[in-house]
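Notes for the one structure printed next.
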Amino acid sequence: LTWRGDYSLISEAGLSFIPESGVAEPLHIMTLKGKDKDGWQFVDGKLRVGPKGNYENGLLTRAFIPLQLNKQGGSVIIDISVKAEEENDSLRIYIANPDTFERMHVFAGSSLSEKKGVSIPLPASWDRADVVFEFESDENWNMVGPVIENIKVVK
């Protein structure tokens, strides 16, 4: 399974995502289990799982940002909330190094009240990094799931 794409440089101005434009580059989305239409997508300017209301059963979906860090680090800044079935459905956020396969886990869980301006540090010792938002649901109870907005990558 190859899911990494071209690695984006972080300019001095940073990278911002403008979902209303229909362009989400350099964000990449894939659904590994379930239907693509039920996976990560932009709805009303927010990155969320599913097109409306609650997410679907039996889903494994990833949204990721491949970044060229050039050993300069940086941060991903987001506004986020999660409402999922406790202990059965979960959001995992991690940073993966495609050169060494090392992972830094940032968050794993089913519930997170709305947080604004959450900063995820990017390792200054890495040349490249994939910032991954992964959501998985079981076969029961569906809720709103993760909602991420105002995504920005800065040096």
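Whatever position you read off the sequence shown (first residue = 1), add 32 for this note's numbering. Ideal placement from N, C-alpha and C gives every residue a C-beta, glycine not left out.
Hey, quick one: how far does the beta strand (DSSP E) through residue i stretch, first residue to last?
i    : result
S122 : S122 to A128
M175 : First-last for M175: undefined, no H or E at that position.
W72  : W72 to V75
K103 : Unbroken run through K103: none, as it is neither H nor E.
S143 : S143 to L154
P162 : Per the sequence shown, residue 162 should be read as Asp rather than Pro. Its beta strand (DSSP E) spans residues R160 to S169.
Just to confirm my understanding: we take residue i, look at its own chain, exclude 5 residues before and 5 after, and list those with CB closer than 8 Å. What are they?
i   : result
D70 : T63, V81, G82, P83, Y87, E88, L91 and T93
Among residues of its own chain, excluding the 5 on either side of residue i, which ones have a beta-carbon nearer than 6 Å to its beta-carbon?
i    : result
N172 : none
Assign residue i to buried or exposed, taking buried as 16 or more other Cβ atoms, counted over all protein chains shown, within 10 Å of its Cβ.
i    : result
A45  : exposed
L154 : buried
V75  : exposed
Q73  : buried
L59  : buried
F133 : exposed
A140 : exposed
L47  : buried
W35  : Unreliable placement is indicated for W35, whose pLDDT of 46 sits below 50; no coordinate value is reported for it.
Which residues does DSSP pair with residue i in a beta bridge?
i   : result
L79 : F74 and I180
Identify, in the order they occur along the chain, each residue of the same chain with its Cβ nearer than 7 Å to the Cβ of residue i, setting aside the five sequence neighbours on each side.
i    : result
S142 : V114, A116, E117, E118, E119, D121 and S122
Counting Cβ pairs closer than 8 Å, one from the segment 120–130 and one from the segment 165–173, do we hit at least three? yes
For the segment 111–121 against the segment 151–158, are there 3 or more C-beta pairs whose distance is under 8 Å? no
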